[in-house]
Amino acid sequence: MHRVHIARAIRRHGICRRVAVLLLAGLPILAPAPIARAQDATIVQAAGNARFAAYIAEASQRFRIPETWICAVLDTESAHDIRAVSEAGAMGLMQVMPDTWTELAARYAFGDDPFDPRDNILAGTAYLREMLDRYGNVGAMLAAYNAGPGRYDEYLAIGRPLPAETRAYVAKLAPILGGEPLPSGASATPSPPTDWREAPLFVAPALGGSPAGSPHPGGQSAAELTADPTHDDDATPIPAAGIFVARSEGNSSP
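Residue numbers (the working numbering): 952 to 1205.
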């Protein structure tokens, strides 16, 4: 019994000495588990992106998409798994769908292997560029990239809800890319077109364009989405017409 107590004491003493040495060395052995896991994930992501740094830089320069955007999408889509295939069939690092890959490969002269890291990163970045050009803001770009432009068009046109996966995807990545998450629920449903019978009889004269801060779909302002602001002064607002045309001065005829 005495020997057992001695052995336990020695073990405790040895443990204490090791803990003391580690503490003196400044090692965060008592760091909370979530923080440690987050740090590990960051290290893994950085290492993965370093493997493909040359391809990411090439894609960024060719398609004018920031490298940080490409890295964020790549991290989220595949976690750097070159052979990743989703349940829907999306392929490779950037999770490009087969039909999309075929179109992009023909358009931009990529190779024959959709899993090739360079070509897959180029294809995914090209698709991001096309979606950004099509919709004009980060949130819409991400939603269309994840759910497909056809599904996102239905979301805009008739308010068909986006998949929960897509909403979570945009909510996660949009702030990282400097954009705004998409609205959720009924607030995302576009307003129905105005019936002519609900229009006012007399329309006030137009006072000019919309204010610079007026929101556009996706949460950005008109000023931010203007493709060529140098032509703003050339645009002459057209007064809206009411149901009844104003009577000419001096003419009493109906």
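Glycine residues also receive a C-beta, built at the ideal position from the N, C-alpha and C atoms.
On a predicted model such as this, the values are computed, not experimentally measured, just so you know.
Ordered along the chain, which non-local residues of its own chain (more than five positions away) have a Cβ less than 8 angstroms from that of Lys1123?
Here residue 1123 refers to the residue found at position 172 of the sequence shown. Answer for Lys1123: Thr1027, listed in chain order.
Whose C-beta lies closer than 8 angstroms to the C-beta of Asp1064 among residues of the same chain, with five residues either side of it excluded?
Translated into positions along the sequence shown, residue 1064 becomes position 113. Excluding positions up to five away in sequence, the list reads Asp1070.
7 angstroms Cβ shell around Ala992 - same chain, five flanking residues per side excluded
For the purposes of this step, residue 992 is taken as residue 41 along the sequence shown, with counting starting at 1. Only weak support exists for where Ala992 lies, its pLDDT of 42 falling under 50; the value from the coordinates is given anyway. Result list for Ala992: empty, nothing under 7 angstroms.
When you compare each of Phe1014, Ala1030, Arg1015, Ile1016 to Ala1001 by their alpha carbons, which one comes out closest?
Taking the first residue of the sequence shown as position 1, residue 1001 is located at position 50. In this structure, Ala1030 is the residue among Phe1014, Ala1030, Arg1015, Ile1016 with its C-alpha nearest to the C-alpha of Ala1001.
Taking the alpha helix (DSSP H) that Gly1090 belongs to, which residues open and close that run?
Position 139 of the sequence shown, counting from 1, holds the residue named residue 1090. Counted as a single uninterrupted DSSP element, the alpha helix (DSSP H) harbouring Gly1090 occupies residues 1089-1098.
Where does Met1082 sit, in a helix, a strand or coil, going by DSSP?
Here residue 1082 is taken as the residue at index 131 of the sequence shown, counted from 1. Here DSSP, grouped into helix, strand and coil, assigns Met1082 to helix.
Closest residue to Cys1022 among Leu1044, Val1036, Ser1037, Ala1115 (Cα-Cα distance)
For the purposes of this step, residue 1022 is identified with residue 71 of the sequence shown, where counting begins at 1. When only C-alpha atoms are compared, the closest one is Leu1044.
Along the chain, where does the alpha helix (DSSP H) that runs through Gln1046 open and close?
Taking the sequence shown and counting its residues from 1, the one referred to as residue 1046 is at position 95. No alpha helix (DSSP H) holds Gln1046; DSSP gives it neither H nor E.
Going straight from the alpha carbon of Leu1093 to that of Tyr1106, what length do you get?
What you label residue 1093 is simply residue 142 of the sequence shown in a count that begins at 1. What you label residue 1106 is simply residue 155 of the sequence shown in a count that begins at 1. Cα to Cα, Leu1093 sits roughly 14 angstroms from Tyr1106.
How big is the Cα-Cα spacing for Phe1066 and Thr1051?
Numbered from 1 along the sequence shown, position 115 holds the residue referred to as residue 1066. Numbered from 1 along the sequence shown, position 100 holds the residue referred to as residue 1051. So the two alpha carbons sit approximately 13 angstroms from each other.
Cβ-based burial, Glu1038 [other Cβ within 10 Å; buried from 16]:
Start at 1 with the first residue of the sequence shown, and residue 1038 comes out as number 87. Around the CB of Glu1038, fewer than 16 other CB atoms lie within 10 Å, so the residue is classed as exposed.
Which residue marks the beginning of the alpha helix (DSSP H) containing Ser1037, and which one marks its end?
Start at 1 with the first residue of the sequence shown, and residue 1037 comes out as number 86. Boundaries for Ser1037: no alpha helix (DSSP H) harbours it, and the DSSP string shows neither H nor E there.
By the DSSP assignment, the alpha helix (DSSP H) with Phe1014 in it spans what residues?
Here residue 1014 refers to the residue found at position 63 of the sequence shown. For Phe1014, the enclosing alpha helix (DSSP H) has its first and last residue at 1004-1014.
Nearest-angstrom Cα distance between Arg1102 and Ala1004?
For this step, residue 1102 is matched to residue 151 along the sequence shown. For this step, residue 1004 is matched to residue 53 along the sequence shown. Taking the straight line from one Cα to the other gives about 32 angstroms.
Please state whether DSSP places Leu1128 in a helix, a strand or coil.
Here residue 1128 refers to the residue found at position 177 of the sequence shown. Looking at Leu1128 - three-state DSSP - the assignment turns out to be coil, as it is neither helix nor strand.
Helix, strand or coil for Asp1064? Go by DSSP, reduced to three states.
Working through the sequence shown from its first residue, we reach residue 1064 at position 113. Asp1064 falls in the coil class under three-state DSSP.
Use the C-beta contact count for Thr1076: other C-beta atoms within 10 angstroms, 16 or more gives buried, fewer gives exposed.
In the sequence shown, the residue the question calls residue 1076 occupies position 125. Buried is the label assigned to Thr1076, since at least 16 other Cβ atoms lie within 10 Å of its Cβ.
Straight-line CA distance for Ala1008 to Ile1072?
One-based indexing of the sequence shown puts residue 1008 at position 57. One-based indexing of the sequence shown puts residue 1072 at position 121. Distance between the alpha carbons of Ala1008 and Ile1072: 10 angstroms.
Excluding sequence positions up to five away, which residues of its chain have a Cβ less than 6 angstroms from the Cβ of Trp1020?
In the sequence shown, counting from the first residue as 1, residue 1020 sits at position 69. Shown here for Trp1020: same chain residues with a beta carbon closer than 6 angstroms to its own, the five before and five after excluded, namely Leu1128 in chain order.
According to DSSP, is Ala1119 part of a helix, a strand, or is it coil?
Residue mapping note: residue 1119 aligns to position 168 of the sequence shown, counting from 1. Helix.
Go to Leu1133, then tell me how far its alpha helix (DSSP H) extends in each direction, as first and last residue.
The residue labelled residue 1133 in the question sits at position 182 within the sequence shown. Going by DSSP, Leu1133 is part of no alpha helix (DSSP H) at all; its letter is neither H nor E.
If you measure from the CB of Arg1034, is any heavy atom of the ligand COA nearer than 6 angstroms?
The ligand COA is not among the ligands present in this structure, which contains no ligands whatsoever.
Report the residue from Gly1040, Ala1108, Ala1095 whose alpha carbon sits nearest the alpha carbon of Pro1114.
Numbered from 1 along the sequence shown, position 163 holds the residue referred to as residue 1114. With distances taken between CA atoms, Pro1114 lies nearest to Ala1095 out of Gly1040, Ala1108, Ala1095.
Could you check whether the Cβ of Arg1080 sits closer than 7 angstroms to any Cβ belonging to chain B?
No chain B is part of this structure, which consists of one protein chain only.
Find out if the Cβ-Cβ distance for the pair Gly1090, Leu1025 is shorter than 7 angstroms.
As a working mapping, residue 1090 is identified with position 139 in the sequence shown. As a working mapping, residue 1025 is identified with position 74 in the sequence shown. No.
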